[in-house]
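Visitor: Before I ask anything, here is the structure I am working with.
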Amino acid sequence: MTDHAEDIVLKRSIAMTVVVGASGVAFGILSGSLSIAFDGVFSAVDAAMTGLALLVTRLIARDTSRRFQMGFWHFEPIVLAFNGALLTLLSFYAFINAVGTILAGGRELVFDWAIGYAVLVVAICIGMVIYGRRANRSIGSQFLALDIKGWTMSGAITAALLLAFTIASLLEGTDYAWLTPYVDPAVLAVLTLCLIPVPLRTVVSALKDVFLVAPAKLDLEVRAAAEAAVARHGFLDARTYVAKAGRSKLVEVHFIVPAGFAIGSVGVLDAIREEVGEAIGGAGRDRWLTIAFTGDPKWAD
């Protein structure tokens, strides 16, 4: 149910992003605005990345295969890192172009087209952010979270453009009319410089998953559950290993038991596994949990 809901939200987001991207390119040409053209291209890239995210969510929902016996979870942070890196590079390139346009004397605009576009896109972005947040409260998808960030960024860009274009249009025919050619590239430069850290943070977070950096919170939770089991059952020690790949949690716990530990039956060990699993929490297809028992520490290190 959750995977199906995520699929529907992403499809709708792609459709609206295509609308915004096509409008941005068209209105950018009509108005002569670099910032509107950038907004359109940004949206087009975002639509392509959302489509890729949709493909990955469908893979994740599938069962494991002979080639991918651990599942497809590791594709999620890879796509997130690629998406964030592409948006970061696009924003940086737009910033360089904006600075170059300012140094070249600015750019004349047709403000009626520019303002009309900005009003339309701000309304779409606000609607998509509200829709995405409501849907993701129950889904909890990193892809949807990134998609919401994308709509927020696009809305922020366009809202600032709307304000700048409105002020610039009021300057026409006044003593400050000479400033109007600089409005478009100046706004683009400021916005892109401010927006670059947003996808960059996504890249850093995704790369941590790609390199299997142990999440501090999960590590503490698993250690606490393992230490409690050691004290409760009289084990010698426990070794814990955790990682995260996208929405999946990978957990290994190795208990070192004393030489005289009486097992009785495999059911005893399974009961301990159940106990530790409940203490860790997050049971479901997103959690990969392995709990082993050994009398020799070398098998746990």
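If you're matching positions, the sequence shown starts at 933 in our numbering and goes up one per residue. Built from N, CA and C at the ideal position, the CB exists for glycine as well. A quick note: this is a predicted structure, and the numbers were derived from the prediction, not measured.
Would the beta-carbon of R1179 fall within 8 Å of that of D1151?
Guide: Your numbering for residue 1179 matches position 247 in the sequence shown. Your numbering for residue 1151 matches position 219 in the sequence shown. Not a contact, by the Cβ cut-off of 8 Å.
Visitor: Could you spell out the range, first to last residue, of the beta strand (DSSP E) harbouring E1184?
Guide: Counted from its first residue, the sequence shown places residue 1184 at position 252. Here the beta strand (DSSP E) through E1184 covers S1180 to I1188.
Visitor: Roughly how many whole angstroms lie between the Cα atoms of D971 and M1085?
Guide: Walking along the sequence shown from the start, residue 971 turns up at place 39. Walking along the sequence shown from the start, residue 1085 turns up at place 153. Looking at the two C-alpha atoms, the distance is approximately 10 Å.
Visitor: Less than 8 Å between the beta carbons of T1241 and L1132, yes or no?
Guide: Look at the range of the chain in this structure, 933 to 1233, and you will see that residue 1241 is not part of it.
Visitor: Just the Cα atoms here: how many angstroms apart are L1221 and F1075?
Guide: Counting from 1 along the sequence shown, the entry for residue 1221 is found at position 289. Counting from 1 along the sequence shown, the entry for residue 1075 is found at position 143. In a straight line, the C-alpha of L1221 is about 24 Å away from that of F1075.
Visitor: So, with DSSP's three-state summary, where would you put V1145?
Guide: On the sequence shown, position 213 is the one that residue 1145 refers to. Three-state DSSP puts V1145 in coil, outside helix and strand.
Visitor: From A1215 to A1175, what distance separates their C-alpha atoms?
Guide: Residue mapping note: residue 1215 aligns to position 283 of the sequence shown, counting from 1. Residue mapping note: residue 1175 aligns to position 243 of the sequence shown, counting from 1. Spanning the two alpha carbons is a distance of roughly 15 Å.
Visitor: How would you call I961, buried or exposed, if buried means at least 16 neighbouring beta carbons within 10 angstroms?
Guide: Position 29 of the sequence shown holds residue 961. By the 10 Å Cβ count, I961 comes out exposed.
Visitor: Roughly how many angstroms lie between the CA atoms of G1196 and H1165, to the nearest whole one?
Guide: The sequence position of residue 1196 within the sequence shown is 264, counting from 1. The sequence position of residue 1165 within the sequence shown is 233, counting from 1. Each residue's Cα considered, the two are about 14 Å apart.
Visitor: At a cut of 8 Å, does the stretch 1010-1019 reach the stretch 1035-1050 through at least three beta carbon pairs?
Guide: At 8 Å Cβ cutoff, the stretches do not touch.
Visitor: Below 8 Å on the Cβ atoms is my guess for A903 versus E1153; work out the distance and round it to an integer in Å.
Guide: Lying outside 933 to 1233, the shown extent of the chain, residue 903 is not represented and no answer is given.
Visitor: If you check the beta carbons only, do V1185 and I1223 fall under 8 Å apart?
Guide: Indexing the sequence shown from 1 puts residue 1185 at position 253. Indexing the sequence shown from 1 puts residue 1223 at position 291. Yes.
Visitor: A1146 and W1005: beta carbons closer than 8 Å?
Guide: On the sequence shown, position 214 is the one that residue 1146 refers to. On the sequence shown, position 73 is the one that residue 1005 refers to. Their beta carbons are not under 8 Å apart, which means A1146 does not touch W1005 by this criterion.
Visitor: So, for A1077: in the same chain, excluding its five sequence neighbours on each side, which residues have a beta-carbon less than 7 Å away from its beta-carbon?
Guide: The count along the sequence shown starts at 1 and reaches residue 1077 at position 145. Excluding positions up to five away in sequence, the list reads N1068.
Visitor: Evaluate A1118 with the Cβ neighbour count: other Cβ atoms within 10 Å of its Cβ, from every protein chain shown; 16 or more gives buried, anything less gives exposed.
Guide: For this step, residue 1118 is matched to residue 186 along the sequence shown. Buried, because 16 or more other Cβ atoms sit within 10 Å of the Cβ of A1118.
Visitor: Taking three-plus beta-carbon pairs below 8 Å as touching, is the stretch 1091-1110 in contact with the stretch 1041-1057?
Guide: Touching, per the Cβ criterion.
Visitor: Tell me the DSSP secondary structure of M933 in three-state form.
Guide: Taking the first residue of the sequence shown as position 1, residue 933 is located at position 1. Residue confidence is low: M933 scores 46 on pLDDT, short of 50, so the model does not pin down where it sits. Its coordinate-derived value is still stated next. In the structure shown, M933 sits in coil (DSSP, three-state: anything other than H, G, I, E or B).
Visitor: Do L1120 and S967 have their CB atoms nearer than 8 Å?
Guide: Taking the first residue of the sequence shown as position 1, residue 1120 is located at position 188. Taking the first residue of the sequence shown as position 1, residue 967 is located at position 35. Contact: yes.
Visitor: To test your reading of the DSSP string, which unbroken alpha helix (DSSP H) runs of 4 or more residues are found completely within the stretch 966-1042?
Guide: Listed in chain order, the complete alpha helix (DSSP H) runs (minimum 4 residues) inside the stretch 966-1042 are 966-993 and 1007-1035.
Visitor: In its own chain, which residues sit with a C-beta less than 6 Å from the C-beta of T949, not counting the 5 before and 5 after it?
Guide: The residue labelled residue 949 in the question sits at position 17 within the sequence shown. Once the five neighbours on either side are set aside, the close Cβ partners of T949 are S975, D978 and A979.
Visitor: Would you mind stating whether V1054 and T1090 have Cβ atoms separated by less than 8 Å?
Guide: Numbered from its first residue, the sequence shown carries residue 1054 at position 122. Numbered from its first residue, the sequence shown carries residue 1090 at position 158. It is a contact, given that the beta carbons lie within the stated cut-off.
Visitor: Whole angstroms are fine: how far does the CA of A947 sit from the CA of V941?
Guide: Translated into the one-based positions of the sequence shown, residue 941 becomes position 9. Translated into the one-based positions of the sequence shown, residue 947 becomes position 15. The straight-line gap from Cα to Cα measures roughly 10 Å.
Visitor: Under DSSP, the beta strand (DSSP E) around D1169 begins and ends at which residues?
Guide: By one-based count along the sequence shown, residue 1169 stands at place 237. Segment D1169 to A1177, the beta strand (DSSP E) holding D1169.
Visitor: On a Cα-Cα basis, can you pick out the residue from P1190, A1191 and F1225 that is closest to A1203?
Guide: Within the sequence shown, residue 1203 is the residue found at index 271, counting from 1. Among P1190, A1191 and F1225, the Cα nearest to that of A1203 is on F1225.
Visitor: Between S1023 and T982, is the Cβ-Cβ spacing less than 8 Å?
Guide: For the purposes of this step, residue 1023 is identified with residue 91 of the sequence shown, where counting begins at 1. For the purposes of this step, residue 982 is identified with residue 50 of the sequence shown, where counting begins at 1. No, these two residues do not count as a Cβ contact at 8 Å.
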